[in-house]
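In the working numbering, the protein residues as written are 53 to 306.
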């Protein structure tokens, strides 16, 4: 948990950001805690919770989402004890974490993995996240199709679900935020790496179109020639643009 460097004034209630790290086995928190610190100190100041989750157990991908929903409920119940405002919560996630925060914000289920009530969130920020896992998804980038990594990722997806999309179409639809969006969804910021090895830009373009079609406030920032995890370079131009975009977005909606 991160609070502003100067602390939280007595009786103050700051906006809350729940940060969900990208996908990796046995990763208890973000690889990039500097972003947690920045989220806490930037703009109007915030209380930040960086949460863990089970990383897509074999055949049970929804366990990860259930854990994020559990964490969201816990934060809602306990934020005030740390100077946070439980009525103002945003989600932020990168890569697999971006997928999970989009689903947590826009989908109705699954049930949380702990005994809690899951609140609706006020805003969601997703970095370089896939939004469509079905057979209708845009083709993966050329570089991935020509790489052994592409086969590994396909096998990983099928392992998470239990089989290929043609055998489990409902599961792949359930894990596709694009298909869960409706007019009641929260304001959404999409940040796309324009030269991402894992994800073509058309995916997030389609997500932005879907948000627009149902009237959900949204903003899509595409950063040309940036790679997956471009934010490892804290001082890079793309990271600077991302920070400004997030600060403006959260300032407007949180």
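Cβ coordinates follow ideal geometry from the N, Cα and C atoms, glycine included.
Distance from the CA of residue 180 to the CA of residue 150, rounded to the nearest whole angstrom, comes to 7 angstroms.
Inter-segment contact for the segment 208 to 217 and the segment 255 to 262 is absent: fewer than three beta-carbon pairs are separated by less than 8 angstroms. Inter-residue distance for residue 280 and residue 299 is about 21 angstroms (C-alpha atoms, whole angstroms). Taking a cut-off of 8 angstroms on C-beta distances, the segment 160 to 176 does not touch the segment 280 to 295, as fewer than three cross pairs fall below it. Residue pairing by DSSP places residue 126 in no beta bridge whatsoever. Assignment of residue 245 by DSSP, reduced to helix, strand and coil, places it in the strand class. The segment 220 to 275 contains, as complete alpha helix (DSSP H) runs of 4+ residues, the segments 221 to 226, 253 to 266 (chain order). Comparing alpha carbon positions, the residue from 244, 209, 246, 243 closest to residue 228 is 209. Here DSSP, grouped into helix, strand and coil, assigns residue 108 to coil. By the 16-neighbour rule on beta-carbons within 10 angstroms, residue 282 is buried. Taking residue 133 as reference, the option from 54, 108, 184 with the minimal CA-CA separation is 54. Membership of residue 86 in any beta strand (DSSP E) is not indicated; the residue belongs instead to the alpha helix (DSSP H) covering 85 to 93.
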